[in-house]
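Okay, structure first, notes after.
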Amino acid sequence: MRVSECMTRDVRFAGPEAKLRDVARAMASLDIGLLPVADDNRLVGMITDRDIAVRGVASGMGPDTPVKDVMSTDVKYCFEDEEVASVLDNMGDIQVRRLPVLNREKRLVGIVSLGDLATNGDATNAGRALGGISKPGGEHSQTAH
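Counting the sequence shown from 1 gives a position; our numbering is that position plus 374.
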C-alpha cells in the first residue's frame, strides 16, 4: 500500500511570520497539533502545539512571537508514492508520529500520521514504529534544542 492511500489531503499552512497566538487558535479550531510552515509555497518547517508550549511559552516567549522562532526547521518528510512499510520504518527510526507528504515535485500534498498508517495501512509495522518513536530522547526531542 502507498502513503497516498491513507494520508490526510486537506492540509493548512502557517507562515514563518505568523504569530504563535494565531497558530494556536488555528490548531484549536481544527483540532490538530501540527501545522506545516510554508514560505513562498515551499515547506520550511513544522510547528506543533508542543513547540509552542515547550520552546515558546516555557522559554518566556509571548503570543506575538513569530512561528519561525520556535518551529522545527529540520523537516523530515515522505513521498506520496512510497510504500507504507518503508515510511513506518523511517518514522520509528527518526522518532516522529507525523510526516508531511510531498509529491515528486516537492510540493506538500498531505500529512500522514502513525494513526493513519495503523488504521488504514499496516498495523503490524505501525506497532514496531511506535516502539521506536516511544524511546526517550532522539533527534526530534524537545530537549535536543
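Positions of the beta carbon are idealized from the N, C-alpha and C atoms, including for glycine.
Query: From the DSSP output, in three-state form, read off Asp443 for me.; Result: helix
Query: With 16 other CB atoms within 10 Å as the buried threshold, where does Ser487 fall?; Result: buried
Query: Can you list, in chain order, the residues of its chain with a C-beta nearer than 8 Å to that of Arg376? Leave out the 5 residues immediately preceding and following it.; Result: Glu454, Asp455, Glu456, Glu457, Val458
Query: Use the C-beta contact count for Ser405: other C-beta atoms within 10 angstroms, 16 or more gives buried, fewer gives exposed.; Result: Here residue 405 is Asp; the residue named in the question, Ser, does not match the sequence. Its Cβ having fewer than 16 others within 10 Å, Asp405 is exposed.
Query: So Ile485 and Thr382 are supposed to be a Cβ contact under 8 Å. How far apart are they, rounded?; Result: 5 Å
Query: Determine the extent of the beta strand (DSSP E) in which Gly419 is found, giving its start and end residues.; Result: 416-422
Query: When the Cβ atoms of the region 475-485 are set against those of the region 409-419, are three or more pairs found closer than 8 Å?; Result: yes
Query: Determine the contact status of Asp425 and Val444, defining contact as a CB-CB distance below 9 Å.; Result: yes
Query: Use the C-beta contact count for Thr439: other C-beta atoms within 10 angstroms, 16 or more gives buried, fewer gives exposed.; Result: buried
Query: Between the C-alpha atoms of Ser460 and Met420, what's the straight-line distance to the nearest angstrom?; Result: 22 Å
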